[in-house]
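**Student:** Quick note on the numbering used here: the sequence shown kicks off at 29 and runs consecutively.
No residue lacks a Cβ here, since even glycine has one placed at the ideal position from N, Cα and C.
Remember, it's a predicted structure, so these values are computed and weren't measured experimentally.
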Amino acid sequence: MEKKYQEIDDVIEKMRTTLEAMRKQDPEFYAKYPMQLGTEAEAEDLRTVFDTWRLPEEYAYFLRNYIPESVGWSTDEYINLDIYGAKELPGGQWGYNYNPVTKEPISDWPEHHLVIASDEGDPYCLDLSRGDTVVYTAMHGTGRWDFEIAYDSLAEFLRSTLLPRGFDGDLDEEVSYNYCKVFITGEGKDKLKTLLFIKKAFSCDIPQARSYLSDVPLLVYKGIEQGAANVEAQLKNIGAEYEKREIDLAEFLA
């Protein structure tokens, strides 16, 4: 019986939930350009992968249970991240360790690095000599590969695809990714400080900030709960009147 990796199962389920919410937001678009996550890879694709590489058990489990079909993750961190399933993994190495035109290996590629995803040419890799799922990345087009650790585990890497834009914090294995909106509802005890907060938040001048403040409630944050806590602390500090409201994933994506 195959070992279960609950962290991987949980994050893949969140990915599926996210994709479902996106499809509901724009069904006509996703009818033309479907994106979905399958549940079991084809036996032949898995055989090819496992005959070619000796993979960490957790990543092998991931390949068996994650089949991306035209899925690209776009966040602050990624322009359009493609994560490879078993079928795409061999071709995902082309241009990194193998030149498909000359049909020759590329000599400057680190021998044990396996590309598991790519964001507009920037590879995300496992170092198979380690036996773990630490994820490395490097910028392409610089003349050399200068790899650094991007994420400490495969699960952490996958969770990064679900972080909303504007999130600035550390990933935590226990994060449940609840979403919030924060509104300024009044000028509070120091109108000038509230105006300066709005000026900074919207990159505007003071007259425009006054205009925004005259039309409350004013949405100043939409995103992950951890980010909302930071905004809430700033508003408390300046004495502004505000409201924090929990929202669901569909409202966050809207």
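Can you find the residues in the same chain that come closer than 7 angstroms, C-beta to C-beta, to isoleucine 107, ignoring five residues on each side of it along the sequence?
**Tutor:** Asp147 and Glu148
**Student:** Once DSSP output is grouped into helix, strand and coil, what is the label at asparagine 125?
**Tutor:** coil
**Student:** To the nearest whole angstrom, what separates the beta carbons of arginine 273 and cysteine 208, a pair I think is in contact under 8 angstroms?
**Tutor:** 6 angstroms
**Student:** Thinking C-beta only, is tyrosine 240 closer than 8 angstroms to isoleucine 226?
**Tutor:** yes
**Student:** Find the nearest neighbour of methionine 114 within the set Tyr124, Arg92 and Trp122, judged by alpha-carbon distance.
**Tutor:** Looking at the sequence shown, residue 114 is not methionine but alanine. Here the closest residue by C-alpha is Arg92.
**Student:** Rounded to whole angstroms, what's the CA-CA distance from glutamine 64 to isoleucine 40? Just pull it up for me.
**Tutor:** 11 angstroms
**Student:** Go to tyrosine 240, then tell me how far its alpha helix (DSSP H) extends in each direction, as first and last residue.
**Tutor:** 234-241
**Student:** If I measure Cβ to Cβ from isoleucine 95 and keep anything under 6 angstroms in the same chain, skipping five residues before and after, which residues do I get?
**Tutor:** Contacts found: Gly66, Ala69 and Gly113.
**Student:** Whole angstroms are fine: how far does the CA of aspartate 233 sit from the CA of aspartate 160?
**Tutor:** 51 angstroms
**Student:** Should valine 143 be labelled buried (16 or more other beta-carbon atoms within 10 Å of its own) or exposed?
**Tutor:** buried
**Student:** With burial defined as no fewer than 16 other Cβ atoms inside 10 Å of the residue's Cβ, what is the status of glutamine 121: buried or exposed?
**Tutor:** buried
**Student:** Just to confirm my understanding: we take phenylalanine 175, look at its own chain, exclude 5 residues before and 5 after, and list those with CB closer than 6 angstroms. What are they?
**Tutor:** Closer than 6 angstroms at the Cβ level, and outside the excluded window around phenylalanine 175, lie Tyr164 and Ala166.
**Student:** Does the distance from the CB of valine 210 to the CB of glutamate 279 come in under 8 angstroms?
**Tutor:** no
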